[in-house]
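Encoded as structure tokens, the structure appears first; notes follow it.
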Amino acid sequence: MTSPSPRASGTTSPRASGTTFPGFADPVLDAQASFRAVLQAMSRPGQVQRVPDLPELPPGLSPAAAAVLLTLVDAETRLCLRAGPEAAAWVRFHCGAPLVTAGAAQFVLDREAALPALDPGTEEEPERGATLILEVASLTEGRGWRLTGPGIRDEHRLHVGGAPPGFLADWTANRARTPCGVDVILCAGDAIAALPRSVAIEEG
Amino acid sequence: MSGYNFAYLDESTKRMIRRAILKAVAIPGHQVPFGSREMPLPYGWGTGGIQVTAAVLGPADVLKVIDQGSDDTTNAVSIRAFFRRTAGVATTESTEAATIIQTRHRIPERPLREDQILVYQVPIPEPLGRLEPRIAETRRMHAMADYGLMHVKLYEDIARHGHIATSYSYPVMVNSRYLMSPSPIPAFDNPKMDQMPALQLFGAGREKRIYAVPPYTSVKSLDFDDHPFRPIRAPHACELCGSRDTYLDEVLTDDVGGRIFVCSDTDFCSERQAVKEAAE
Amino acid sequence: MYVATKGGERAIGAAHAWLDETRRGDPSLPELTADQVQAQLGLAVDRVMAEGSCHDRGLAALAVKQSRGDLIEAAFLLRAYRTTLPRFGASVPLDTNTMAIQRRISAAYKDLPGGQVLGPTFDYTHRLLDFALAAGGHVPSGAPEAEASREPTPRVTEMLAREGLMQREAASEDEPGDLTREPLSFPADRALRLQALARGDEGFLLSLGYSTQRGYGGNHPFVGEIRMGEVAVGFTPPELGFEIDLGDITVTECQMVNQFKGSRTEPPQFTRGYGLVFGHGERKAMSMALVDRSLRAAELGEASDAPAQQQEFVLSHCDNVEATGFVEHLKLPHYVDFQSELENVRTMRASVEAAK
Chain A
91 MTSPSPRASG TTSPRASGTT FPGFADPVLD AQASFRAVLQ AMSRPGQVQR VPDLPELPPG
151 LSPAAAAVLL TLVDAETRLC LRAGPEAAAW VRFHCGAPLV TAGAAQFVLD REAALPALDP
211 GTEEEPERGA TLILEVASLT EGRGWRLTGP GIRDEHRLHV GGAPPGFLAD WTANRARTPC
271 GVDVILCAGD AIAALPRSVA IEEG
Chain B
231 MSGYNFAYLD ESTKRMIRRA ILKAVAIPGH QVPFGSREMP LPYGWGTGGI QVTAAVLGPA
291 DVLKVIDQGS DDTTNAVSIR AFFRRTAGVA TTESTEAATI IQTRHRIPER PLREDQILVY
351 QVPIPEPLGR LEPRIAETRR MHAMADYGLM HVKLYEDIAR HGHIATSYSY PVMVNSRYLM
411 SPSPIPAFDN PKMDQMPALQ LFGAGREKRI YAVPPYTSVK SLDFDDHPFR PIRAPHACEL
471 CGSRDTYLDE VLTDDVGGRI FVCSDTDFCS ERQAVKEAAE
Chain C
5 MYVATKGGER AIGAAHAWLD ETRRGDPSLP ELTADQVQAQ LGLAVDRVMA EGSCHDRGLA
65 ALAVKQSRGD LIEAAFLLRA YRTTLPRFGA SVPLDTNTMA IQRRISAAYK DLPGGQVLGP
125 TFDYTHRLLD FALAAGGHVP SGAPEAEASR EPTPRVTEML AREGLMQREA ASEDEPGDLT
185 REPLSFPADR ALRLQALARG DEGFLLSLGY STQRGYGGNH PFVGEIRMGE VAVGFTPPEL
245 GFEIDLGDIT VTECQMVNQF KGSRTEPPQF TRGYGLVFGH GERKAMSMAL VDRSLRAAEL
305 GEASDAPAQQ QEFVLSHCDN VEATGFVEHL KLPHYVDFQS ELENVRTMRA SVEAAK
């Protein structure tokens, strides 16, 4: 009789495939911890969470952005990536996602991609709205933007160092499309904070 | 359990479910279709909740599973054993000690905290399903927020019975946008969903849908100004702990009309009994 | 105290032990082996493979043994195993033209190229209980041997199509969807509908197909052809770039030929209902072909008000693993909701009494 074979998927030995940088030390448990950080971030907009450590990464990727990619992106997701050739090789090996243009992507890691250019989903299928993984300089709670909406009891303050110019205006337009829209995961070092489409942002 | 991945599901399935959960959280109350897998437990027995729990659960979690409010009902026992076996996680019967609570048909009486996640097992995710069985049609109604059909149904209830005759699976509006089924919890539990500090996740395995209510989100039971929502409970005190504000099960004690009422939330009830005993 | 609040865990353990004993049955009788099931209850194994949508005779036989012969339970066991397997990709389309034929019949023509081959069929047996089988030690009488041919056997539908009388199916190089990975959304395309029907419950499809014959969405079917035999499964691994042969599997294919009156864009011609199942599953393949054709009613501009013509109805209810789970979940405790209904009904009665 046949017995089930062990199937811990994901691999940490990049072998001969264009990158020498590893992924998660423990592909199963690190992905779980990283997902919980993202889930917590998405459930409590603006709250800063930490992802598991990824000490060796290609230039162009923060540990936070790399962890988000390893956690959510794979051969079944369309990705738009602009983070340099070494990051591209790393993503190709560890995630295997088909690379597409920003407008066609489910996940976007590209500082140049503006919110209005991304897929907002449809009224019937708003869940098809893209997720933008946005690298920023810093994330600090307690000051800065004033966030309100689902997931936040009264209001939450988040200072985002190095947000793209025009982001708040784009966000207002994004939120006006509800329930369609793009959800954002902000990444700085090993910290993340999320802005689901439902959150309202006022300049603090 | 050797031969299977941590928490049974393979990693690519977990990623697929995790992506669906995140979109569900970002669009409160909207049903997100997902590639529900065949689980080693039957459809209708919690496969949606199990898949959500398996995608969320980690080794640091403490899992509680309840069915009808009780930790010791057979299906709760079976699901708890499944996760002990496949994920090796700690399990508990204490609501306070749990980080993840998977439930069928109840919300615990003890208020939940920010660091807890409540996972509901959902048989029929579509709140409009009994009025309009075609999925293509209900999807359109959600897109347009066209919920007139449900209001008409509730109004017909009032015309016929003088009140809304729905006592469980009582539909709610989430974040003033989506009509959502709270799963077959008694209407008594509906108010607990509103502005709950814990994240609420809903999994429907057979119908292949995941939806969510983020913490601190508005959840309102549908009603009318002149016929406000009215949660139903048996007008008695718990025989065991004396509680007058919890949901009660009716237990027949003989075949000539003898009956007692006891808390459906067994953990809450035994805690109250312990406090009572300590005081005596 | 009367209220039992403990014991669930122990009760489950005891129930499983009892089930184990019951499965084994009388220990003075020899234990049934999975090999025996595979060899001697082959049609049960085939049905479990089809509805379990996993082609593995050994595992299907084990599932039949483990489920005590409950074939829906066996299909469920096989499905729950299948779902844990990694997915490597999609095979190249099966070429049933080159099937090593064991059975092939057409009801549309008296004789045809490739001939009529009855094969191992119950069709013309008299259904008399055979007490010689009960006695055991029965030796089959031995059928005449013939060399299996791998020469292509032309399909009836293709011969009609060449004459312009049969609507051709649009060829596609696209990889079909996979309803085990992406949930069905409606309307579902034909590839996905066929996938759902191929996994669907034989009894449900049989009744639906039967209903079309009795006037609930009739589509004037003729059995163009039924064929059963072995076909090769080919797969092109992306890293190799060329097709390799994974081995042969037995399948049953049914092509129903149905009248079509024509439309503004299409001339009158025949249209096809298609059925394909793992193993020898003729009843299922025929039912599937009937239901496939009736689900095309809307596409062909025909009235589509019969149950067998409504795809949400058919596809949402044809899966017996889903259906059995949800029907049987009614066994689970529902006393919380029942309690709220009790209070509800008492309140309603009180207000009726008060109004008197």
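As given, the protein sequences belong to chains A, B and C, one line each in that order. Numbers in my numbering are just positions in the first sequence, counted from 1, shifted up by 90. Numbers in my numbering are just positions in the second sequence, counted from 1, shifted up by 230. Numbers in my numbering are just positions in the third sequence, counted from 1, shifted up by 4. In this text, a Cβ means the ideal position worked out from N, Cα and C, and glycines have one as well.
- By the rule that beta-carbons nearer than 8 Å mark a contact, P337 (chain C) touches chain B.
- Counting only the Cα atoms, F491 (chain B) lies some 56 Å from L258 (chain A).
- Annotation for C499 (chain B): the continuous alpha helix (DSSP H) segment containing it runs T496 to A509.
- Under the criterion of beta carbons closer than 8 Å, S266 (chain B) and P187 (chain C) qualify as touching, at roughly 7 Å.
- Three or more Cβ pairs drawn from the region 243–258 of chain B and the region 207–217 of chain A lie within less than 8 Å of each other, which places the two stretches in contact.
- An exposed status is given to H130 (chain C), since fewer than 16 other beta-carbon atoms sit within 10 Å of its beta-carbon.
- Within the region 284–314 of chain B, A285, V286, L287, G288 and P289 place their CB atoms closer than 8 Å to a CB of chain A, listed in sequence order.
- Contact check between the region 239–250 of chain C and the region 218–230 of chain C: fewer than three CB pairs, one atom from each, fall below 8 Å, which does not count as touching.
- Near chain B, meaning a CB-to-CB distance below 8 Å, the residues of the region 338–349 of chain C are H338, Y339, V340, D341, Q343, S344, E345, L346, E347 and N348.
- At a cut-off of 8 Å, the C-beta of E332 (chain C) has a neighbouring C-beta in chain B.
- Comparing alpha-carbon positions, the option among B:F236, B:Y238 and B:F264 lying closest to G433 (chain B) turns out to be B:F264.
- Close to E480 (chain B), with beta-carbon spacing below 7 Å, are these residues of chain C in chain order: Q343 and L346.
- Positions of the beta strand (DSSP E) runs, each at least 3 residues long and wholly inside the region 391–440 of chain B, are given as 402–404, 408–410 and 429–434 in order along the chain.
- Here the alpha carbons of T316 (chain B) and K288 (chain C) stand approximately 37 Å from one another.
- For Y377 (chain B), not one C-beta of chain A is nearer than 8 Å to its own C-beta.
- The alpha carbon of I230 (chain C) has as its nearest neighbour, out of C:D205, C:T256 and C:H321, the alpha carbon of C:T256.
- Contact annotation: S494 (chain B) and G276 (chain B) have beta-carbon atoms that are not nearer than 8 Å.
- The distance from the Cβ of L209 (chain C) to that of M292 (chain C) is about 6 Å, consistent with a contact at the 8 Å cut-off.
- As the crow flies, the alpha-carbon of P444 (chain B) is around 52 Å from that of G46 (chain C).
- Under DSSP, the beta-bridge partners assigned to T333 (chain B) are B:I296 and B:Y350.
- Under the 10 Å beta carbon count, H184 (chain A) is surrounded by 16 or more other beta carbons and is classified as buried.
- L409 (chain B) sits close to P357 (chain B), with the two beta carbons spaced by under 8 Å.
- P210 (chain A) has its alpha-carbon roughly 48 Å from the corresponding atom of V68 (chain C).
- Here DSSP, grouped into helix, strand and coil, assigns P149 (chain A) to coil.
- Along the region 63–90 of chain C, going in chain order, the ones with a CB nearer than 8 Å to a CB of chain B are F80, R83, A84, R86, T87, T88 and P90.
- With fewer than 16 other Cβ atoms inside 10 Å of its own Cβ, H381 (chain B) counts as exposed.
- Taking 8 Å as the cut-off, the beta carbon of L82 (chain C) is found no closer than this to the beta carbon of G62 (chain C).
- Inclusion of V402 (chain B) and P416 (chain B) in the CB contact set at 8 Å is not warranted, their separation being larger than that value.
- The criterion of a C-beta distance shorter than 8 Å is not satisfied by F226 (chain C) and A54 (chain C).
- Note on geometry: alpha-carbon atoms of G207 (chain C) and T100 (chain C) lie some 25 Å from one another.
- When C-alpha distances from L280 (chain C) are compared across C:P180, C:Y85, C:L201 and C:G73, the shortest belongs to C:L201.
- Sixteen is the threshold: since fewer than 16 other Cβ atoms of the shown chains lie within 10 Å of the Cβ of L132 (chain C), the residue is exposed.
- Taking a Cβ-Cβ cut-off of 9 Å, the neighbours of F190 (chain C) in chain B comprise R364, I365, A366 and R369, given in sequence order.
- Ranked by Cα distance from R300 (chain C), the first of C:E286, C:E316 and C:G228 is C:E316.
- Between V449 (chain B) and D475 (chain B), the beta carbon gap of about 20 Å keeps them out of contact (Cβ cut-off 8 Å).
- The secondary-structure analysis by DSSP pairs P263 (chain B) across a beta bridge with B:R439.
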